[in-house]
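Participant: Top line first, the protein sequences correspond to chains A and B. Last residue of the first sequence: 330 in the numbering used here, with the numbers rising by one and none dropped. Last residue of the second sequence: 262 in the numbering used here, with the numbers rising by one and none dropped. Glycine residues also receive a C-beta, built at the ideal position from the N, C-alpha and C atoms. Note that the coordinates shown come from a computational prediction; the quantities given were computed from them, not determined experimentally. First the structure, which I've put down as structure tokens, then a few questions once you've had a look.
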Amino acid sequence: MTKRLPLLGGLCLIVLLLGGLSLMAGRVWAPWSAWTDQTDPRWAIIFELRLPRTVLAIAVGAALGLSGAVMQGYTRNPLADPGVMGVSSMAALGAVMTMYLSLSLATPWLLFVAAMIGACLGVAVMLVLASGTSGTITFILAGVILNTVASAGVALALSLAPSPWAAQEIINWLLGSLADRSADDVWRALPFILVGSGLMLMLGRSLNALTLGETGAKALGIDLNVTRVLLAVGVGLASGASVAVTGMIGFVGLIVPHLMRPLVGHQPGALLAPSALAGAVVVLAADILVRLTPSAAEVRLGVAMAAVGGPSFLAMLISMRRKLA
Amino acid sequence: MNDLVAENLTVALGGQTVLAGVGARFRPGEVTAIVGPNGAGKSTLLACLAGLRRPDTGRVALGIEPILTLAHRERARRIGFLPQTPEVAWAVDVETLVGLGRTPHSGARGLSDADHAAVQAALVRTGMTGLAHRDVTTLSGGERARALLARVLAGEPSWLLADEPLAGLDPGHQLDTVDLMRAFAIEQGQGVVMTLHDLGVALRLADRVLVLKNGALIADAAPLQALTPAVLERAYGVKAVIVSGAWGPLIELIGRTTDG
Numbered sequence: 006m007t008k009r010l011p012l013l014g015g016l017c018l019i020v021l022l023l024g025g026l027s028l029m030a031g032r033v034w035a036p037w038s039a040w041t042d043q044t045d046p047r048w049a050i051i052f053e054l055r056l057p058r059t060v061l062a063i064a065v066g067a068a069l070g071l072s073g074a075v076m077q078g079y080t081r082n083p084l085a086d087p088g089v090m091g092v093s094s095m096a097a098l099g100a101v102m103t104m105y106l107s108l109s110l111a112t113p114w115l116l117f118v119a120a121m122i123g124a125c126l127g128v129a130v131m132l133v134l135a136s137g138t139s140g141t142i143t144f145i146l147a148g149v150i151l152n153t154v155a156s157a158g159v160a161l162a163l164s165l166a167p168s169p170w171a172a173q174e175i176i177n178w179l180l181g182s183l184a185d186r187s188a189d190d191v192w193r194a195l196p197f198i199l200v201g202s203g204l205m206l207m208l209g210r211s212l213n214a215l216t217l218g219e220t221g222a223k224a225l226g227i228d229l230n231v232t233r234v235l236l237a238v239g240v241g242l243a244s245g246a247s248v249a250v251t252g253m254i255g256f257v258g259l260i261v262p263h264l265m266r267p268l269v270g271h272q273p274g275a276l277l278a279p280s281a282l283a284g285a286v287v288v289l290a291a292d293i294l295v296r297l298t299p300s301a302a303e304v305r306l307g308v309a310m311a312a313v314g315g316p317s318f319l320a321m322l323i324s325m326r327r328k329l330a
Numbered sequence: 003m004n005d006l007v008a009e010n011l012t013v014a015l016g017g018q019t020v021l022a023g024v025g026a027r028f029r030p031g032e033v034t035a036i037v038g039p040n041g042a043g044k045s046t047l048l049a050c051l052a053g054l055r056r057p058d059t060g061r062v063a064l065g066i067e068p069i070l071t072l073a074h075r076e077r078a079r080r081i082g083f084l085p086q087t088p089e090v091a092w093a094v095d096v097e098t099l100v101g102l103g104r105t106p107h108s109g110a111r112g113l114s115d116a117d118h119a120a121v122q123a124a125l126v127r128t129g130m131t132g133l134a135h136r137d138v139t140t141l142s143g144g145e146r147a148r149a150l151l152a153r154v155l156a157g158e159p160s161w162l163l164a165d166e167p168l169a170g171l172d173p174g175h176q177l178d179t180v181d182l183m184r185a186f187a188i189e190q191g192q193g194v195v196m197t198l199h200d201l202g203v204a205l206r207l208a209d210r211v212l213v214l215k216n217g218a219l220i221a222d223a224a225p226l227q228a229l230t231p232a233v234l235e236r237a238y239g240v241k242a243v244i245v246s247g248a249w250g251p252l253i254e255l256i257g258r259t260t261d262g
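Laid out in structure tokens, this is it:
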């Protein structure tokens, strides 16, 4: 307990510093002087373009990091996260459906609702497929099935897209980015991310008890049905809303809990808050780097995360295999 | 403290009868061993007694309170359950693992001073104080079993239900575990119920033995009255005699009977 406060405090500080940097950095450098002068054109850049982007980076990062920590705790599998388990793909399928039907432009909130329904369904299907068994193989297979079905659905929507513009919109969105997000996007995503994260933060005790397996947790008086409902709704809302606003950003939920785990004595419950903060740090930092990369068009955040995350995932697998061997 | 009472428990799994009308009364301060051949329903009976499985018919009660009507947390405070081959999913240290035993007592804010005191007492009782900060995944089988037993003791339950607590332990660690459980029953007046494979241990160290066969109780008595040659033949299909050794009665296996 005593070690947690410096960790959380340190992470908060990094989030604040990176948040400030995120408001200043980009194609146009906006120093402190531009922050107070409303007539300065850079004022609009800071508060109308970069502020929503920064808030979303923090919220989405926290949601993904927390979702990863919760799913790893529940499945007792360090390789679980919304991406691997197919929850993000299901959210994307929901969102793509609304784009395919061209509903997303007229009623943008529909895309959010569809993405969150998709994500909740994804978690629910995962829980049902893996119910009764606590084998990690079952969870991974459930993830493979969900990912396959959802990707097939997205591919179908793309191939049957009513117009090239609809297809283009879907592809652009799928690549995952925080560029050009407005305050409206913040107001659509933030409430759901906050509620979902709040629900997930309530799971600490249950996840700790699940260290002893499902029977062990039940014997310790944990009502696993309550745990499952909180998990499905919490992960569904938070990661669904995140996917809806940024598209697919993978690996955050996978790597962040992995990095935090040794710092909290491997306790799955103590891992939650640090994973949320560290997720915010990772996405914020990645988004700043993406903006500063000198290229004609901005590198997509989702693509950049995959480029960094893929090798990290591989390194994790190799080190785990070495430990098992 | 109240008796733990099972009345007419039946459980069927996939059309197969696992328990066929089992009734028994367990008393505080007593160590009861449940024995029987593989698949006799020992673990299922124990899970029903612990309130972790709902029997198809019949009921389990603590005194007059049906166990399934107790709040989950209240039930967990009264009944400590040690699963067979318990898993420990993460590389937590021993103290943290033992602290999990306080889950039914602690709130969302973590462990209180009283919780920490109970954890320390359980570590002392099991002789694990020196290993309190060791990573559980690096412990030997015997140390791990003691840590998991400390986890149950830390919850200060009135009843300790253990599913095959001696499986996979060498004779020395088997004796340690049984001694700890006996001390728990004798000194603190708690009830202990465990499933066992080792008939010798059941004969020597239990106050009472229940013998299950195909989901039915075929004996429920003091060890020497329960583990008779006739019961052993019926339960396991083996021919055995009870001989008196220098230190007490022993079971000597002679061989398989034809219909076993």
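Tell me the DSSP bridge mates of B/LYS215?
Facilitator: The count along the second sequence starts at 1 and reaches residue 215 of chain B at position 213. Bridge partners of B/LYS215: B/ALA218.
Participant: For the alpha helix (DSSP H) holding B/ALA63, just list the boundary residues, first then last.
Facilitator: Residue 63 of chain B sits at position 61 when you count from the first residue of the second sequence. No alpha helix (DSSP H) contains B/ALA63, which is instead part of the beta strand (DSSP E) from 59-64.
Participant: Determine the contact status of B/GLY202 and B/LEU155, defining contact as a CB-CB distance below 9 Å.
Facilitator: Sequence index remark: in the second sequence, residue 202 of chain B carries index 200 (1-based). Sequence index remark: in the second sequence, residue 155 of chain B carries index 153 (1-based). Contact flag unset, no.
Participant: On the DSSP letters alone, give me the boundaries of the alpha helix (DSSP H) that A/GLY239 sits inside.
Facilitator: Here residue 239 of chain A refers to the residue found at position 234 of the first sequence. Run containing A/GLY239: 229-251, per the alpha helix (DSSP H) assignment.
Participant: Below 9 Å between beta carbons: does that hold for A/LEU132 and A/ALA30?
Facilitator: Counting from one through the first sequence, the residue named residue 132 of chain A turns up at place 127. Counting from one through the first sequence, the residue named residue 30 of chain A turns up at place 25. Contact flag unset, no.
Participant: For B/ALA204 versus B/VAL37, is the C-beta spacing smaller than 9 Å?
Facilitator: Position 202 of the second sequence holds residue 204 of chain B. Position 35 of the second sequence holds residue 37 of chain B. Yes, these two residues count as a Cβ contact at 9 Å.
Participant: Can you tell me the Cα-Cα spacing of A/GLY123 and A/MET95, whole angstroms?
Facilitator: By one-based count along the first sequence, residue 123 of chain A stands at place 118. By one-based count along the first sequence, residue 95 of chain A stands at place 90. For A/GLY123 and A/MET95, the distance between alpha carbons rounds to 5 Å.
Participant: Looking at A/PRO167 and A/SER109, is the spacing between their C-beta atoms short of 9 Å?
Facilitator: The sequence position of residue 109 of chain A within the first sequence is 104, counting from 1. The sequence position of residue 167 of chain A within the first sequence is 162, counting from 1. Not in contact: A/SER109 and A/PRO167 (Cβ atoms no closer than 9 Å).
Participant: How long is the line joining the alpha carbons of B/GLY262 and B/GLU235, rounded to whole angstroms?
Facilitator: Here residue 262 of chain B corresponds to residue number 260 of the second sequence, with the count starting at 1. Here residue 235 of chain B corresponds to residue number 233 of the second sequence, with the count starting at 1. Summary for B/GLY262: the model assigns pLDDT 47, below 50, so the residue's position carries little reliability; its value from the coordinates is reported in the next sentence. Their backbone Cα atoms lie some 8 Å apart in a straight line.
Participant: So if I threshold CB-CB distances at 8 Å, which residues from the stretch 216-248 of chain A count as touching chain B?
Facilitator: THR216, LEU217, GLY218, THR220, GLY221, LYS223, ALA224, LEU225, GLY226, ILE227, ASP228
Participant: Does B/PRO251 come out as helix, strand or coil in the three-state DSSP assignment?
Facilitator: On the second sequence, position 249 is the one that residue 251 of chain B refers to. Correct three-state label for B/PRO251: strand.
Participant: Buried or exposed, going by whether 16 or more other CB atoms sit within 10 Å of the CB of A/VAL3?
Facilitator: Outside the modelled stretch of chain A, which goes from 6 to 330, sits residue 3 of chain A, for which no answer is possible.
Participant: Grouping DSSP H, G and I as helix and E and B as strand, with all else coil, what is B/ILE81?
Facilitator: Residue mapping note: residue 81 of chain B aligns to position 79 of the second sequence, counting from 1. Strand.
Participant: Quick check: what's the CA-CA separation for A/ALA275 versus B/ALA248?
Facilitator: On the first sequence, residue 275 of chain A is found 270 positions in, with the first residue counted as 1. On the second sequence, residue 248 of chain B is found 246 positions in, with the first residue counted as 1. Looking at the two C-alpha atoms, the distance is approximately 55 Å.
Participant: Where does A/ASN213 sit, in a helix, a strand or coil, going by DSSP?
Facilitator: Along the first sequence, one-based indexing puts residue 213 of chain A at 208. If DSSP states are grouped into helix, strand and coil, A/ASN213 belongs with the helices.
Participant: What are the start and end residues of the alpha helix (DSSP H) that includes A/THR59?
Facilitator: Counting from 1 along the first sequence, the entry for residue 59 of chain A is found at position 54. For A/THR59, the uninterrupted alpha helix (DSSP H) run begins and ends at 56-80, by DSSP.
Participant: In terms of alpha-carbon separation, which member of B/ARG153, B/GLY143, B/GLU67, B/ALA228 lies closest to B/ASP265?
Facilitator: In the structure as shown, chain B begins at 3 and stops at 262. Residue 265 of chain B is therefore absent and cannot be evaluated.
Participant: What's the gap between the Cα of B/GLU189 and the Cα of B/MET183?
Facilitator: Your numbering for residue 189 of chain B matches position 187 in the second sequence. Your numbering for residue 183 of chain B matches position 181 in the second sequence. If I take the Cα positions, the gap works out to 10 Å.
Participant: Curious, which full-length alpha helix (DSSP H) runs of at least 4 residues does the stretch 137-205 of chain A contain?
Facilitator: Here the runs fully enclosed are 141-164, 169-179.
Participant: Quick one: measure Cβ to Cβ for A/LYS223 and B/LEU54, integer angstroms, because I've assumed they're closer than 8 Å.
Facilitator: Position 218 of the first sequence holds residue 223 of chain A. Position 52 of the second sequence holds residue 54 of chain B. Yes, A/LYS223 and B/LEU54 are in contact; Cβ-Cβ is about 5 Å, under 8 Å.
Participant: Applying the criterion that 16 or more other CB atoms from any shown protein chain within 10 Å of the CB defines a buried residue, is A/GLU53 buried or exposed?
Facilitator: In the first sequence, counting from the first residue as 1, residue 53 of chain A sits at position 48. Exposed: under 16 other Cβ atoms inside 10 Å.
Participant: For B/THR12, which of B/THR71, B/ASN40, B/LEU163, B/GLY60 has the nearest alpha-carbon?
Facilitator: Within the second sequence, residue 12 of chain B is the residue found at index 10, counting from 1. Closest option to B/THR12, Cα to Cα, is B/GLY60.
Participant: Can you check whether the C-beta of A/GLN43 is within less than 9 Å of a C-beta belonging to chain B?
Facilitator: In the first sequence, residue 43 of chain A corresponds to position 38, counting from 1. Among the CB atoms of chain B, none fall inside 9 Å of the CB of A/GLN43.
Participant: So what does DSSP say about B/GLU89, is it helix, strand or coil?
Facilitator: For the purposes of this step, residue 89 of chain B is identified with residue 87 of the second sequence, where counting begins at 1. Assignment of B/GLU89 by DSSP, reduced to helix, strand and coil, places it in the coil class.
Participant: Taking 9 Å as the CB-CB limit, is B/VAL94 close to chain A?
Facilitator: Within the second sequence, residue 94 of chain B is the residue found at index 92, counting from 1. Yes, contact with chain A.
Participant: What's the C-alpha gap between A/ASP189 and B/PRO85?
Facilitator: Within the first sequence, the letter at position 184 stands for residue 189 of chain A. Within the second sequence, the letter at position 83 stands for residue 85 of chain B. Answer to the nearest angstrom: the Cα atoms are 52 Å apart.
Participant: Just curious, the alpha helix (DSSP H) that B/VAL126 is in, first and last residue?
Facilitator: On the second sequence, position 124 is the one that residue 126 of chain B refers to. 115-127 is the span of the alpha helix (DSSP H), which, as asked, contains B/VAL126.
Participant: Would you call A/MET6 buried or exposed, if buried means 16 or more other Cβ atoms sit within 10 Å of its Cβ?
Facilitator: The sequence position of residue 6 of chain A within the first sequence is 1, counting from 1. Its pLDDT being 47, under 50, A/MET6 is placed unreliably by the model, and the measurement read from it follows with that caveat. Classification of A/MET6: exposed, given that the 10 Å Cβ count is below 16.
Participant: Under 9 Å between the Cβ atoms of B/PRO57 and B/GLY193?
Facilitator: The sequence position of residue 57 of chain B within the second sequence is 55, counting from 1. The sequence position of residue 193 of chain B within the second sequence is 191, counting from 1. For B/PRO57 and B/GLY193, no; Cβs fall outside 9 Å.
Participant: Between B/HIS175 and chain A, is the shortest Cβ-Cβ distance under 9 Å, so that the two count as touching?
Facilitator: By one-based count along the second sequence, residue 175 of chain B stands at place 173. Not flagged as an interface residue toward chain A: B/HIS175, since no C-beta distance is shorter than 9 Å.
Participant: Measure from the alpha carbon of A/GLY24 to the alpha carbon of each residue in A/ARG233, A/ASP292, A/PRO83, then state which is nearest.
Facilitator: Numbered from 1 along the first sequence, position 19 holds the residue referred to as residue 24 of chain A. It is A/ASP292.
Participant: Would you mind sorting A/MET211 into buried or exposed? The rule is 16 or more other CB atoms within 10 Å of its CB.
Facilitator: Working through the first sequence from its first residue, we reach residue 211 of chain A at position 206. At residue 211 of chain A the sequence reads Ser, which differs from the Met that was named. The residue in question, A/SER211, is buried, as its Cβ has 16 or more Cβ neighbours within 10 Å.
Participant: Check whether the stretch 247-257 of chain A touches the stretch 192-207 of chain A, counting contact only when three or more Cβ pairs, one atom from each stretch, lie closer than 8 Å.
Facilitator: yes
Participant: Output the distance between the C-alpha atoms of A/ALA333 and A/LEU146, rounded to the nearest integer angstrom.
Facilitator: Coverage of chain A is limited to positions 6 through 330, which leaves residue 333 of chain A absent and any answer about it impossible.
Participant: Please report the distance separating the alpha-carbon of B/GLY250 from that of B/ILE244.
Facilitator: The residue given as residue 250 of chain B occupies position 248 in the second sequence. The residue given as residue 244 of chain B occupies position 242 in the second sequence. Rounded to the nearest angstrom, the two C-alpha atoms are 10 Å apart.
Participant: Is the stretch 86-95 of chain A close to the stretch 291-309 of chain A, with three or more CB pairs under 8 Å?
Facilitator: Flag = no, the stretch 86-95 of chain A and the stretch 291-309 of chain A do not touch.
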